[in-house]
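Chemist: Numbering (the UniProt record's numbering), first residue to last: 1 to 69. Just so you know, even glycine gets a beta-carbon here, dropped at the ideal spot from N, CA and C.
This is how it looks when you write it as structure tokens:
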């Protein structure tokens with residue numbers, strides 16, 4: 001993960017929602033700048049069983065936007 005991606009994960013509210021499993025990615029042209037990053041974050045949330053997208057009923061990461069504990 002590069003510094004720009006780490007910064008987006010920490011500072012962008014939308015990234016936090018996706019990372020914690022409380023939102024799904026929807027890409028609408030021309031807003032595609034972060035499309036690949038959001039798809040990756042969504043995949044991570046699903047694999048970790050986070051929030052509603054993970055299907056495991058977990059409550060996310062406690063609202064941590066950086067994915068830490």
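Does DSSP put residue 31 in a helix, a strand or coil?
Modeler: Counting from 1 along the chain shown, the entry for residue 31 is found at position 31. Three-state result, residue 31: strand.
Chemist: Check residue 25 in the structure and name its three-state DSSP category.
Modeler: Counted from its first residue, the chain shown places residue 25 at position 25. DSSP places residue 25 in coil when its eight states are reduced to three.
Chemist: Please identify the residue among 21, 28, 37, 29 whose C-alpha is closest to the C-alpha of residue 9.
Modeler: Here residue 9 refers to the residue found at position 9 when the chain shown is read from its first residue. Checked all of 21, 28, 37, 29; the closest Cα to residue 9 is 37.
Chemist: Can you list, in chain order, the residues of its chain whose CB lies under 8 angstroms from that of residue 22, leaving out five sequence neighbours each side?
Modeler: The residue you call residue 22 lines up with position 22 of the chain shown. The answer, listed in chain order, is 51, 52, 53, 60.
Chemist: Could you have a look at residue 49 and say whether DSSP puts it in helix, strand or coil?
Modeler: As a position in the chain shown, residue 49 is number 49, starting the count at 1. Residue state, collapsed to three classes: coil.
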